[in-house]
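What follows is one structure encoded as structure tokens, with my remarks underneath.
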Amino acid sequence: MNIQRWIGRREANWQRLDNLLKKVEKKGLKSLKSGEVRELASLYRSVSADLARARTQKIGTNLIQNLQTLTTRAYSQIYQGSRRQEWKAVIDFYLWGFPRVVQQSFLYIFFATTLFLLAALVSWWYAWQDPNFISLIAPQRIISSVRDEGKLWMGSSILGIEPLASSSITINNISVSFGAVVGGITFGAYTLFLMVYNGLHIGGIATLVGQNNLAYPFWAFVFPHGSLELPAIFFAGGAGFLIGRALLFPGKYRRGEALKLYGSLAAQLVFGIVPMLIIAGTIEGFFSPNPGIPHPIKYFTGLVLFILLVLYCLRKQARIGSNK
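Residue numbers for the sequence shown follow the working numbering, beginning at 605 and rising by one.
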């Protein structure tokens, strides 16, 4: 092999790869056009082959070191750089993408929330009118604990097993939320059932503790984690209704296209609520049942978390070049 001729033929590729890498190292992969990204990958494979040949032919230590450095830089940008881009995309989603999806899906989330609150109001009214109505909503052990023993049933069972309880609570909340989402494939019927059922349950329980003068400690327990947990369930309900809408009322789209469009929004809502449920489960496992934390602090914590959630969901990403 004529070494000088081979180097002369291949040197332009090495220089081109070096130029592309300098651009990526300075501005990131997004600075390259799609054609340049493909070229970068192709040149990386080509220069890797050149390095292997240079080693086999023992073509100068300096050349081999230069090619080794070039391929290492390319590998770092193509593979590790792409992973950094993926993490950046995840961070960007939680910073801006999720609030945008919540705003786009507001009507569906509002519908799910309204169903829940109306069911809770109906249950509250019936339970006050007829004490026996509560037995249709709440388990007998809860009714006995509140009416006969005058104490709340939750909290004490968590103390001492906080990590296990927190994990169990989180898994349960995620399963309920996913059930609301998957319920969309029943044309939204199961999602509607879950929103109404949970609303009836919380309305009946609220009446039970209110009738027995336990409302203050009950809501002190519920509010810190409920300020995130309940909105997450409402978001999940909205996701389920998005899927149901695609099946029932595809509008100008074909049903498959509507499922792709609304299903994408639903998937993003699900992706967004998982951290909310994890945080809520952690609070419910460690903070809410802690008897050493005064009730006013628990109420204040729940209020702050809810306000922060609302502000977060209302935030909008500034458009580049927009007038200030």
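The beta carbon of each residue, even a glycine, is placed where N, CA and C say it ideally should be.
Closest in alpha carbon position to Q744, among V786, F714, L812, is L812. The residues L832, A836, in chain order, have a CB closer than 6 Å to that of M880 in the same chain once the five nearest residues on each side in sequence are set aside. Taking one beta carbon from each stretch, the segment 706-718 and the segment 838-848 have 3 or more pairs nearer than 8 Å; the two touch. L674 places its beta carbon less than 8 Å from that of W618. In the structure shown, the three-state DSSP call for G814 is helix. By the 16-neighbour rule on beta-carbons within 10 angstroms, R849 is buried. In the structure shown, the three-state DSSP call for I806 is helix. Per DSSP, Y712 is one residue of the alpha helix (DSSP H) stretching across 710-733. If only complete runs of 4 or more residues are kept, the segment 823-885 shows no alpha helix (DSSP H) anywhere. If you look at G632, you'll find it isn't in any alpha helix (DSSP H); DSSP assigns it neither H nor E. The continuous alpha helix (DSSP H) containing G639 extends over residues 638-661. In the structure shown, the three-state DSSP call for G612 is helix. The Cβ-Cβ distance between G792 and F845 falls below 8 Å. Scanning A862, A731, I882, F702 for the CA closest to the CA of N816 turns up A731.
Taking Y794 as the centre and dropping the five residues before and after it, the same chain places the C-beta of G787 closer than 7 Å to its C-beta, in chain order. Under the three-pair Cβ rule at 8 Å, the segment 865-881 counts as touching the segment 701-712.
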